[in-house]
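A.B. asks:
2 protein chains.
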Amino acid sequence: MAHSTDFLESTFKSKGLPLTVQRRVVYQNVASRQDHPTADDVYLAVQKEHPDFSRATIYRALDCLVQIDLLSRVASFGSAVRYDAKQEHHDHMHCTQCGQVADVEAGDLNLLPKLKQDLGFTVETYSVHFRGLCPECQLEKTNKEN
Amino acid sequence: MAHSTDFLESTFKSKGLPLTVQRRVVYQNVASRQDHPTADDVYLAVQKEHPDFSRATIYRALDCLVQIDLLSRVASFGSAVRYDAKQEHHDHMHCTQCGQVADVEAGDLNLLPKLKQDLGFTVETYSVHFRGLCPECQLEKTNKEN
DNA sequence: TACCTTATGAGATTAAGTATCATCCACAAA
DNA sequence: TTTGTGGATGATACTTAATCTCATAAGGTA
Ligand SMILES: [Zn+2]
Ligand SMILES: [Zn+2]
Ligand SMILES: [Zn+2]
Ligand SMILES: [Zn+2]
Chain Z
183 MAHSTDFLES TFKSKGLPLT VQRRVVYQNV ASRQDHPTAD DVYLAVQKEH
233 PDFSRATIYR ALDCLVQIDL LSRVASFGSA VRYDAKQEHH DHMHCTQCGQ
283 VADVEAGDLN LLPKLKQDLG FTVETYSVHF RGLCPECQLE KTNKEN
Chain R
183 MAHSTDFLES TFKSKGLPLT VQRRVVYQNV ASRQDHPTAD DVYLAVQKEH
233 PDFSRATIYR ALDCLVQIDL LSRVASFGSA VRYDAKQEHH DHMHCTQCGQ
283 VADVEAGDLN LLPKLKQDLG FTVETYSVHF RGLCPECQLE KTNKEN
């Protein structure tokens, strides 16, 4: 478990939002896994213990948790949004074959100062999106070639 | 225009794929704009000249052009996939408010060697996903605050 | 407890993308 | 130039991801 219940309670209280059972369960589910689940992944996992939670509530709880910075979204190419409870800055490795997403540490890049752009944007954050094949997909590819 | 028609013909020929009018028009549309359009953006633009092109064909043409490396996809948070005809390595600035995507030059990062990871992935490419507010959205935010 | 605000569940709805299939077209061989 | 063949196209049905609506339920406080 990433944080105690007290942490959740104080965060919600400081934002003036009610901490419901559903939000607690959704947060705990995402925080307890390392696979950057989609909303539906969370729904299916949570359903085992709480079959009464609706899909819409899972979506709404995830949105809420992103708003108050307890979760973040992981960028990808148009498939379902994935969620991440690790809030320290890190980057992601995407398998182009099976779609799995793993955390990676690319070192302290500190890219913001390097960003040369005269577009007038104010830049708040960045993430690096690495793409390639995971070990399983490499193996599968090798087997197919023989 | 980014490339001559000969370039398209030779690329398709080298891949053994037929170069249809639809594929040509879709490529020219994406290559002629700087706004990283979605499939629907392309459909709407192309429809003015070619009202007979179906949506499914636009999707298929875009997929085909990505396969043969004439276009690439831009990563984002779950909204519609955006396409890019600029094939030199570059990064993207995303407005968190209105969703627009602009090209940025973050310098020669050469991140692949810096990627420390023992996950067994083979890394092919990467892109940096900067997020913040575009000039218009900054202005809008300032106006709302007063 | 009682009150008020906000969240929830159920289900309809939208948006993005994919699948199916009969017909058509690009391309090359004759 | 004609013909043949595989692949592409248009129409449309379908799937998936996500959002909206609204009556009801639950969180937070006084
Ligand atoms: Zn994989
Ligand atoms: Zn992560
Ligand atoms: Zn904007
Ligand atoms: Zn670009």
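The listed protein sequences correspond, in order, to chains Z and R.
Number 314 in our numbering belongs to position 132 of the first sequence; there are no gaps in the numbering.
Number 223 in our numbering belongs to position 41 of the second sequence; there are no gaps in the numbering.
We put the beta carbon where it would ideally sit given N, CA and C, even for glycine.
These numbers were taken from a predicted model, which means no experiment stands behind them.
Hey, how far is the Cα of Ala267/R from the Cα of Glu191/Z?
C.D. replies: As a working mapping, residue 267/R is identified with position 85 in the second sequence. As a working mapping, residue 191/Z is identified with position 9 in the first sequence. Ala267/R and Glu191/Z: Cα-Cα distance of roughly 48 Å.
A.B. asks: CB Ala221/R to CB Leu247/R, shorter than 8 Å?
C.D. replies: Translated into the one-based positions of the second sequence, residue 221/R becomes position 39. Translated into the one-based positions of the second sequence, residue 247/R becomes position 65. For Ala221/R and Leu247/R, no; Cβs fall outside 8 Å.
A.B. asks: Determine, for Lys298/R, whether the minimum Cβ-Cβ distance to residues of chain Z falls below 8 Å.
C.D. replies: The residue given as residue 298/R occupies position 116 in the second sequence. Under the Cβ distance rule, Lys298/R counts among the residues neighbouring chain Z, one pair being separated by less than 8 Å.
A.B. asks: Quick check: what's the CA-CA separation for Phe303/Z versus Gln282/R?
C.D. replies: Here residue 303/Z refers to the residue found at position 121 of the first sequence. Here residue 282/R refers to the residue found at position 100 of the second sequence. Those two C-alpha atoms are separated by around 11 Å.
A.B. asks: Give every residue of the same chain whose Cβ lies closer than 6 Å to the Cβ of Ala262/Z, excluding the five residues on either side of it in the sequence, and list them in chain order.
C.D. replies: Counting from one through the first sequence, the residue named residue 262/Z turns up at place 80. Within the same chain, Ala262/Z has close Cβ partners Thr220.
A.B. asks: Starting from Leu291/Z and walking both ways along the alpha helix (DSSP H), at which residues does that stretch end?
C.D. replies: Indexing the first sequence from 1 puts residue 291/Z at position 109. Here Leu291/Z belongs to no alpha helix (DSSP H), and DSSP marks it neither H nor E.
A.B. asks: Would you mind listing the alpha helix (DSSP H) stretches within the segment 208-256 of chain R that are 4+ residues and don't spill past its ends, in chain order?
C.D. replies: 221-229 and 237-249
A.B. asks: Identify the contact partners of Cys316/Z in chain R, using a Cβ-Cβ distance below 9 Å as the criterion.
C.D. replies: Reading the first sequence from its first residue, position 134 is the one you call residue 316/Z. Ordered by position in chain R, the residues that pass the 9 Å Cβ test against Cys316/Z are Leu301, Gly302, Phe303 and Thr304.
A.B. asks: Contact criterion: CB-CB distance below 8 Å. Does Thr307/R meet it with respect to chain Z?
C.D. replies: Along the second sequence, one-based indexing puts residue 307/R at 125. With respect to chain Z, the C-beta atom of Thr307/R has a partner C-beta closer than 8 Å.
A.B. asks: Distance check for Phe235/R and Asn211/R, CA to CA, integer angstroms please.
C.D. replies: If you number the second sequence from 1, residue 211/R lands on position 29. If you number the second sequence from 1, residue 235/R lands on position 53. Distance between the alpha carbons of Asn211/R and Phe235/R is about 13 Å.
A.B. asks: Is the separation between the beta-carbon of Leu315/R and that of Lys323/R shorter than 8 Å?
C.D. replies: Here residue 315/R refers to the residue found at position 133 when the second sequence is read from its first residue. Here residue 323/R refers to the residue found at position 141 when the second sequence is read from its first residue. Yes, these two residues count as a Cβ contact at 8 Å.
A.B. asks: Any Cβ of chain Z within less than 8 Å of the Cβ of Val224/R?
C.D. replies: Position 42 of the second sequence holds residue 224/R. By this cut-off, Val224/R is not an interface position.
A.B. asks: Would you say Gln299/R touches ligand 1, meaning its beta carbon is less than 7 Å from a heavy atom?
C.D. replies: On the second sequence, position 117 is the one that residue 299/R refers to. Not a single heavy atom of ligand 1 lies less than 7 Å from the C-beta of Gln299/R.
A.B. asks: Per DSSP, what kind of secondary structure is Glu191/R in: helix, strand or coil?
C.D. replies: As a working note, residue 191/R is residue 9 in the second sequence. Three-state result, Glu191/R: helix.
A.B. asks: Anyone know if the C-beta pair for Ala213/R and Phe259/Z falls short of 8 Å?
C.D. replies: If you number the second sequence from 1, residue 213/R lands on position 31. If you number the first sequence from 1, residue 259/Z lands on position 77. Against a cut-off of 8 Å, the Cβ pair of Phe259/Z and Ala213/R comes out as no contact.
A.B. asks: Is the beta carbon of Val256/Z within less than 7 Å of some heavy atom of ligand 2?
C.D. replies: Sequence index remark: in the first sequence, residue 256/Z carries index 74 (1-based). Judged by the Cβ position, Val256/Z qualifies as a neighbour of ligand 2 at the 7 Å threshold, a heavy atom of the ligand being closer than this.
A.B. asks: Consider the Cβ of Glu287/Z: report whether some Cβ of chain R lies at a distance smaller than 8 Å.
C.D. replies: Position 105 of the first sequence, counted from the start, is the residue given in the question as residue 287/Z. Taking Cβ atoms only, chain R reaches closer than 8 Å to Glu287/Z, which makes this a yes.
A.B. asks: Report the option in Cys277/Z, Arg313/Z, Glu318/Z and Asp251/Z whose CA atom is closest to the CA atom of His271/Z.
C.D. replies: Counted from its first residue, the first sequence places residue 271/Z at position 89. Ranking Cys277/Z, Arg313/Z, Glu318/Z and Asp251/Z by Cα distance to His271/Z puts Asp251/Z first.
A.B. asks: Listed from N- to C-terminal order along the chain, which residues in the segment 256-290 of chain Z have their beta-carbon within a distance smaller than 9 Å of any beta-carbon of chain R?
C.D. replies: The segment 256-290 of chain Z vs chain R, Cβ under 9 Å: Val256, Ala257, Ser258, Phe259, Gly260, Ser261, Ala262, Val263, Arg264, Asp273, Met275, His276, Cys277, Thr278, Ala284, Asp285, Val286, Glu287, Ala288 and Gly289.
A.B. asks: Give a yes or no on whether the C-beta atoms belonging to Val305/R and Leu321/R are separated by under 8 Å.
C.D. replies: Here the question's residue 305/R lines up with position 123 in the second sequence. Here the question's residue 321/R lines up with position 139 in the second sequence. Contact: no.
A.B. asks: Who are Asp300/Z's beta bridge partners in DSSP?
C.D. replies: The count along the first sequence starts at 1 and reaches residue 300/Z at position 118. Per DSSP, none; premise fails for Asp300/Z.
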